[in-house]
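For the sequence shown, position 17 matches number 17 in the UniProt record's numbering, and the numbering has no gaps at all.
Below you'll find the structure, written out as structure tokens, and then a few comments.
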Amino acid sequence: MHFLMIFIGSVGTLMANTGLEELLESKFAGVSKLLNGKKYPQNVRALRIVTEELLRKVFT
Numbered sequence: 001m002h003f004l005m006i007f008i009g010s011v012g013t014l015m016a017n018t019g020l021e022e023l024l025e026s027k028f029a030g031v032s033k034l035l036n037g038k039k040y041p042q043n044v045r046a047l048r049i050v051t052e053e054l055l056r057k058v059f060t
């Protein structure tokens, strides 16, 4: 669990200033904690939504 939280935190660090925060703010509250690796269940849900949208653009 700790490893996954660190991984999500590193994704948040790498994706800083890319518009990911604005995208997630429309759906979730507390995006700063979400991108730091806290709030693990919401992280999984948020990353799933982002992945689905990115893959939808690629495959269609």
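Here a beta-carbon is modelled for each residue, glycine too, at the ideal position from N, C-alpha and C.
For S32, same chain residues with a beta-carbon under 7 Å away, outside a window of 5 residues either side, do not exist. Contact between L34 and L24 holds, since their C-beta atoms are separated by about 7 Å, short of 8 Å. In the three-state reduction of the DSSP assignment, T13 falls in the helix class. Rounded to whole angstroms, the separation of the alpha carbons of E52 and G37 is 20 Å.
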